[in-house]
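**Student:** Note that the UniProt record's numbering has the sequence shown beginning at 489, numbered continuously upward.
Where a beta carbon is used, it is the ideal one built from N, C-alpha and C, also for glycine.
Since we're looking at a predicted model, the values are computed, not measured.
Got a structure for you, questions after.
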Amino acid sequence: AKTAGGHRWHWFDQAMDESADAAARLSADLRQALSRGQIFALYQPIIDLTTGLCAGGEVLMRWQHPDRGLISPDLFIPLAECSGCIVDLGYWILEHACRQTATWQRRYGDHAPAKISINVSARQLSEPDFVDRVQEILERTGVDTGRLVLEVTETAVFATTVAVQQLERLKTLGIRIALDDFGTGHSSLSLLLDCPVDLLKVDKSFVSGAAADQAGALIVKNLIGFTSDFAIEAVAEGVETPEQAALLRRLGYQYAQGYLYARPMPAADFEQHFTTATVM
Ligand code: C2E
Ligand code: CA
Ligand code: CA
Ligand code: CA
């Protein structure tokens, strides 16, 4: 492997250097990962910039490999999409997050996180019975559907018109839809017209440039303009500095997520966080 700056890229670089054989082995390992209890979920707080309070969180999947340690989702999610096991992993994390959210809602009522966001890949959305399975999970866990946000990427939505119909059906269940990594795909604006989107997650590549250069600031400013035109809420991703946060607040962003506030953390820590934390 190349020399890696951080552990996150270490395995990615290594995987790139690996033989097809090794990649196939990792993919086979991944198929067993769920039943062997190696998959778990972390929660990253999403902050309401107008109050400074934790408004919710995004659920992020992790894979603890027995020999290789923690493997980044940037590596194993594409593998899972390729092999199809993202479908099972996706249902697992959805059910896990719904059960956890239902527990918090019983335990804390109004003080439970208002919104929990769960990532859904294109492959999941293209399953014909996806919405039925989601409905089943909602009923089984007793989660308040008004608390749920499903995050889809522009490519996922683009893949099929069936996907758009699926999103419409999910909305009838009371679930809200977020467009993830917004701005990184193509024809983003026309998508807003075609898709039942409630929320935009503005990609961290724009946010990191926002406080540093004029071009970045202009993009972030224009994106918030579009969201207000379409009556959509906006979350700025990857907020790392107080300067970025101040700029985003000034521009009218309501929500922010990033290392400035908190890294993804286990459910028990997140519970501490949303019950005690006043961030700013
Ligand atoms: P994403 O959906 O865009 O998730 C946000 C990613 O940005 C997370 O990486 C998060 O840890 C990271 N992040 C948050 N704040 C900051 C910050 O201030 N700076 C920087 N540099 N990064 C920040 P993570 O957890 O490694 O996940 C990577 C990607 O893997 C996700 O990107 C998502 O596309 C995918 N993924 C993760 N969990 C799931 C899942 O359960 N299902 C699906 N389908 N995809 C998932
Ligand atoms: Ca996401
Ligand atoms: Ca994102
Ligand atoms: Ca991403």
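For Asp717 and Ala516, what's the separation of their Cα atoms in angstroms?
**Tutor:** Indexing the sequence shown from 1 puts residue 717 at position 229. Indexing the sequence shown from 1 puts residue 516 at position 28. Distance between the alpha carbons of Asp717 and Ala516 is about 47 Å.
**Student:** Does the Cβ of Gln588 lie closer than 7 Å to at least one heavy atom of ligand 1?
**Tutor:** What you label residue 588 is simply residue 100 of the sequence shown in a count that begins at 1. It does not: the Cβ of Gln588 is nowhere closer than 7 Å to a heavy atom of ligand 1.
**Student:** Can you find the residues in the same chain that come closer than 6 Å, C-beta to C-beta, to Leu680, ignoring five residues on each side of it along the sequence?
**Tutor:** Locating residue 680 in the sequence shown gives position 192, where the first residue counts as 1. Within the same chain, Leu680 has close Cβ partners Phe718.
**Student:** Examine the Cβ distances between the stretch 695 to 708 and the stretch 720 to 731 and report whether three or more of them are shorter than 8 Å.
**Tutor:** Yes, the stretch 695 to 708 touches the stretch 720 to 731.
**Student:** Let's see if you can read the secondary structure: which residues bound the beta strand (DSSP E) around Leu537?
**Tutor:** Here the question's residue 537 lines up with position 49 in the sequence shown. Unbroken run through Leu537: none, as it is neither H nor E.
**Student:** Let me confirm a value: Gln520 is counted as buried when at least 16 other C-beta atoms fall within 10 Å, else exposed. Which label applies?
**Tutor:** Taking the first residue of the sequence shown as position 1, residue 520 is located at position 32. Exposed, by the Cβ-count rule.
**Student:** Can Lys603 be considered in contact with ligand 2, in the sense that its beta carbon sits closer than 7 Å to one or more heavy atoms?
**Tutor:** Within the sequence shown, numbered from 1, the residue matching residue 603 stands at position 115. No, the beta carbon of Lys603 sits no closer than 7 Å to any heavy atom of ligand 2.
**Student:** Taking buried to mean at least 16 other C-beta atoms within 10 Å of its own C-beta, is Thr648 buried or exposed?
**Tutor:** Start at 1 with the first residue of the sequence shown, and residue 648 comes out as number 160. Thr648 should be labelled exposed.
**Student:** I'd like the list of long-range same chain contacts for Glu569, defined as Cβ closer than 6 Å, with 5 residues on each side in sequence excluded.
**Tutor:** Stepping through the sequence shown from its first residue, residue 569 is reached at position 81. Only Ser609, Arg611 meet the Cβ criterion.
**Student:** Taking 7 Å as the limit between beta carbons, can you name the residues of its chain near Gln654, skipping five residues before and five after?
**Tutor:** Taking the first residue of the sequence shown as position 1, residue 654 is located at position 166. So the qualifying residues of the chain are Leu613, Phe618, Val619.
**Student:** If you draw a straight line from the alpha carbon of Thr764 to that of Gly540, how long is it in whole angstroms?
**Tutor:** Here residue 764 is taken as the residue at index 276 of the sequence shown, counted from 1. Here residue 540 is taken as the residue at index 52 of the sequence shown, counted from 1. Roughly 12 Å separates the two Cα atoms.
**Student:** Do Ala602 and Ala666 count as a contact pair if the criterion is CB distance below 8 Å?
**Tutor:** The sequence position of residue 666 within the sequence shown is 178, counting from 1. The sequence position of residue 602 within the sequence shown is 114, counting from 1. It is not a contact, given that the beta carbons lie outside the stated cut-off.
**Student:** Ligand 1 heavy atoms versus the CB of Leu548: any closer than 7 Å?
**Tutor:** For the purposes of this step, residue 548 is identified with residue 60 of the sequence shown, where counting begins at 1. The answer is yes for Leu548.
**Student:** Can you list, in chain order, the residues of its chain with a C-beta nearer than 6 Å to that of Asp756? Leave out the 5 residues immediately preceding and following it.
**Tutor:** Start at 1 with the first residue of the sequence shown, and residue 756 comes out as number 268. Note on identity: in this sequence residue 756 is Ala, with Asp being the wrong assignment. So the list is empty, once near-sequence residues are dropped.
**Student:** Unbroken beta strand (DSSP E) runs of length 3 or more, entirely within the stretch 507 to 563: which are they?
**Tutor:** Listed in chain order, they are 527 to 536, 542 to 553, 557 to 559.
**Student:** How long is the line joining the alpha carbons of Gly713 and Gly740, rounded to whole angstroms?
**Tutor:** The residue you call residue 713 lines up with position 225 of the sequence shown. The residue you call residue 740 lines up with position 252 of the sequence shown. For Gly713 and Gly740, the distance between alpha carbons rounds to 9 Å.
**Student:** For Ile707, collect the residues of the same chain with a Cβ closer than 8 Å to its Cβ; drop the 5 residues on either side in sequence, then sort them by chain order.
**Tutor:** Here residue 707 refers to the residue found at position 219 of the sequence shown. Around Ile707: Gly671, Phe694, Gly697, Ala698.
**Student:** For Pro754, is the classification buried or exposed, using 16 other Cβ atoms within 10 angstroms of its Cβ as the cut-off for buried?
**Tutor:** Along the sequence shown, one-based indexing puts residue 754 at 266. Pro754 comes out exposed.
**Student:** Which two residues bound the contiguous beta strand (DSSP E) that contains Arg664?
**Tutor:** Here residue 664 refers to the residue found at position 176 when the sequence shown is read from its first residue. 664 to 670 is the extent of the beta strand (DSSP E) around Arg664.
**Student:** In whole angstroms, what is the alpha-carbon distance linking Arg513 and Ile559?
**Tutor:** Reading the sequence shown from its first residue, position 25 is the one you call residue 513. Reading the sequence shown from its first residue, position 71 is the one you call residue 559. Their Cα atoms are separated by approximately 14 Å.
**Student:** Measuring only from the beta carbon, is residue 769 closer than 7 Å to any heavy atom that is part of ligand 1?
**Tutor:** Nothing about residue 769 can be reported from this structure: the residues present for the chain run from 489 to 768 only.
**Student:** Determine the extent of the alpha helix (DSSP H) in which Ser693 is found, giving its start and end residues.
**Tutor:** The residue labelled residue 693 in the question sits at position 205 within the sequence shown. Unbroken alpha helix (DSSP H) run through Ser693: 692 to 698.
**Student:** Helix, strand or coil for Thr648? Go by DSSP, reduced to three states.
**Tutor:** Here residue 648 is taken as the residue at index 160 of the sequence shown, counted from 1. In the structure shown, Thr648 sits in coil (DSSP, three-state: anything other than H, G, I, E or B).
**Student:** In this structure, what does DSSP give as the bridge partners for Ser605?
**Tutor:** Residue mapping note: residue 605 aligns to position 117 of the sequence shown, counting from 1. Paired residues: Glu546, Val637.
**Student:** Just to confirm, is the Cβ distance from Glu639 to Asn607 under 8 Å?
**Tutor:** Along the sequence shown, read from residue 1 onward, the residue named residue 639 stands at position 151. Along the sequence shown, read from residue 1 onward, the residue named residue 607 stands at position 119. Against a cut-off of 8 Å, the Cβ pair of Asn607 and Glu639 comes out as a contact.
**Student:** From Leu658, Thr591, Ala508, Arg657, pick the residue whose C-alpha is nearest to that of Leu567; which is it?
**Tutor:** Counting from one through the sequence shown, the residue named residue 567 turns up at place 79. Per the Cα distances, Ala508.
**Student:** Out of curiosity, what's the CA-to-CA distance linking Trp592 and Ala600?
**Tutor:** Taking the first residue of the sequence shown as 1, we reach residue 592 at position 104. Taking the first residue of the sequence shown as 1, we reach residue 600 at position 112. Cα to Cα, the separation comes out at about 6 Å.
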